[in-house]
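Residue numbers (the numbering used here): 27 to 140.
To start, the structure itself, in structure tokens.
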Amino acid sequence: MTVKELSEKLGYKIITETGDSTKTEITGVYACDLLSHAMAKINTGDVWVTVHTNLNVVAVASLTEASCVVIPENIQIEEQTIERAEKKGVIFLSAPVSAARVCYDVLSVLREAK
27 MTVKELSEKL GYKIITETGD STKTEITGVY ACDLLSHAMA KINTGDVWVT
77 VHTNLNVVAV ASLTEASCVV IPENIQIEEQ TIERAEKKGV IFLSAPVSAA
127 RVCYDVLSVL REAK
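Encoded structure:
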């Protein structure tokens, strides 16, 4: 399943359109707000769920090759973060639901796709 397919299925808004959302495959999901821990645990292709919206999130997502970053509860994403993410090719999505619900929904969709 691609990031674009996931966003359409769950109604999440793509914030940074890098052009890769139709190609970027999702393999799992990981939720963590401690950036150093997230950097050590996110697997390539994971959807990363975090409430953080600063520039460091872009760096961690890029280094770990996360498929995308989902910001839950419609939390506002800093403009400089959006700009950096677009330059680095990091896809950000905004979700109207809690982080726990994002994880549940992503896992459910991935299971259905198998």
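Just so you know, even glycine gets a beta-carbon here, dropped at the ideal spot from N, CA and C.
These numbers were taken from a predicted model, which means no experiment stands behind them.
* CA-CA distance, L32 and K39? -> Pairing L32 with K39, the inter-Cα distance amounts to about 10 angstroms.
* CA-CA distance, I97 and I41? -> 10 angstroms
* Three-state secondary structure (DSSP) at V96? -> strand
* **Ordered list of beta strand (DSSP E) runs contained in the region 41-74, each at least 3 residues** => 54-57
* **Three-state secondary structure assigned by DSSP to K39** => strand
* Does the separation of the CB atoms of V29 and T53 fall below 8 angstroms? -> No, the pair does not count as a contact, with Cβ atoms beyond the cut-off.
* To do: Could you name the residues of the same chain whose beta carbon sits closer than 7 angstroms to that of E112, not counting the 5 residues immediately before and after it, in chain order?
  => T42 and T44
* Give the DSSP-derived three-state secondary structure of T107 in the structure shown. => helix
* What is the DSSP secondary structure of T90, counted as helix, strand or coil? -> In the three-state reduction of the DSSP assignment, T90 falls in the helix class, which pools H, G and I.
* To do: Please determine, among A85, S62, M27 and A92, the residue with the shortest C-alpha to C-alpha distance to V75.
  => A92
* Asked: What do you get for A66, buried or exposed, if any count of 16 or more other CB atoms within 10 angstroms of its CB means buried?
  -> exposed
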